[in-house]
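Novice:
In the working numbering, the protein residues as written are 2 to 328.
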């Protein structure tokens, strides 16, 4: 009986010792992992801050170049030069910054929700709808009105995306493949309508073609505030859904299993993206490739996390648009 009590005592002591050692090892392991995690985050934070600093310098350099380099020499800084810088070059430089940032962020968001690297901001017919609205406004002779071309382009862009979303919606779900096919089909249909309008109104053909080419040359200060508001709100909204976009990248079903409301996320992203793209196209015309190319370049630099892609896309879009406008 005494031997049995000793055995039980030794077993209990061994269990207690094992539990203590295991607990200490677990605490040490978790502390090590936590320190590694913090170091990794600090490393990424420092790396991102360095990138932000470098990209900010590049943007500032391009802004200065855009203000002082052009077909007219303004180095003398006389009254005429200051007028050119202030009223012609400064508005188009600011518009280039806003358009580049907005289109690049929309492109990264579209590529995430469609899970397609070839998606761009114009895939849902925003550009074609805006072009049709501009063509109608030009034919009706509304260029001089406040609402004019920009207003028609914006409304037609929103209406086009609304029609495409209605076509692609089945029940409460928004099917990505159907959305893409509907967008491509509507794009071709509207392109045909624009061609018919240009043939029937040949006297306005040059104006329509010039508008669809996209340009910052006609930008005024009065155009900037509304573009700034739409782009700022749109970028903030898309950034708030960065985690959901990361989950959708793994697949719709996988995102749902993680608790993500995929349909709501897609509709919110499409809403704010369409508002951004619509106002950009309405004020500057159709500008391609920014939303397609910039997100790919950013992914090469920072990876596939949308929490990092979105802010870096802002800088990338600004740089891309400034370079395109300067050249």
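Glycine residues also receive a C-beta, built at the ideal position from the N, C-alpha and C atoms.
Any idea what DSSP makes of residue 125, helix, strand or coil?
Specialist: If you number the chain shown from 1, residue 125 lands on position 124. Three-state DSSP puts residue 125 in coil, outside helix and strand.
Novice: Could you please give the first and the last residue of the uninterrupted alpha helix (DSSP H) stretch that includes residue 207?
Specialist: Looking up residue 207 in the chain shown gives position 206. That run of the alpha helix (DSSP H) goes 206 to 214.
Novice: Should residue 58 be labelled buried (16 or more other beta-carbon atoms within 10 Å of its own) or exposed?
Specialist: Counted from its first residue, the chain shown places residue 58 at position 57. With fewer than 16 other Cβ atoms within 10 Å, it is exposed.
Novice: How is residue 328 classed by DSSP in three states: helix, strand or coil?
Specialist: Residue numbering aside, residue 328 sits at position 327 when the chain shown is read from its first letter. Residue state, collapsed to three classes: coil.
Novice: If we count the other Cβ atoms within 10 Å of its Cβ and call it buried at 16 or more, is residue 275 buried or exposed?
Specialist: As a position in the chain shown, residue 275 is number 274, starting the count at 1. Buried, since its Cβ has 16 or more Cβ neighbours within 10 Å.
Novice: Where does residue 189 land, buried or exposed, given buried means 16+ other C-beta within 10 angstroms?
Specialist: Counting from 1 along the chain shown, the entry for residue 189 is found at position 188. Residue 189 should be labelled exposed.
Novice: Alpha carbon to alpha carbon, how far is residue 205 from residue 102?
Specialist: Numbered from its first residue, the chain shown carries residue 205 at position 204. Numbered from its first residue, the chain shown carries residue 102 at position 101. Straight-line Cα distance between these residues: approximately 32 Å.
Novice: What do you get for residue 46, buried or exposed, if any count of 16 or more other CB atoms within 10 angstroms of its CB means buried?
Specialist: For the purposes of this step, residue 46 is identified with residue 45 of the chain shown, where counting begins at 1. Answer is exposed; the Cβ neighbour count stays below 16.
Novice: Could you check how far apart the C-beta atoms of residue 184 and residue 288 are, in whole angstroms? I think they sit under 8 Å.
Specialist: Start at 1 with the first residue of the chain shown, and residue 184 comes out as number 183. Start at 1 with the first residue of the chain shown, and residue 288 comes out as number 287. 18 Å between Cβ atoms; not a contact.
Novice: Can you confirm whether the stretch 148 to 155 touches the stretch 280 to 294 when touching is taken to mean that 3 or more C-beta pairs between the two stretches lie within less than 8 Å?
Specialist: yes
Novice: Quick check on this structure: which residue in 199, 73 and 326 has the alpha carbon closest to the alpha carbon of residue 219?
Specialist: Walking along the chain shown from the start, residue 219 turns up at place 218. It is 326.
Novice: To which residues of the same chain is residue 121 closer than 7 Å at the C-beta, ignoring the five residues directly before and after it?
Specialist: As a first step, residue 121 must be located in the chain shown, where it is residue number 120. Only 108, 111, 292 and 293 meet the Cβ criterion.
Novice: Only counting the same chain, and skipping five residues up and downstream in sequence, which positions put a Cβ closer than 7 Å to that of residue 176?
Specialist: Locating residue 176 in the chain shown gives position 175, where the first residue counts as 1. Contacts found: 169.
Novice: Quick one: any contact between the stretch 308 to 317 and the stretch 122 to 130, if contact means 3 or more CB pairs under 8 Å?
Specialist: At 8 Å Cβ cutoff, the stretches do not touch.
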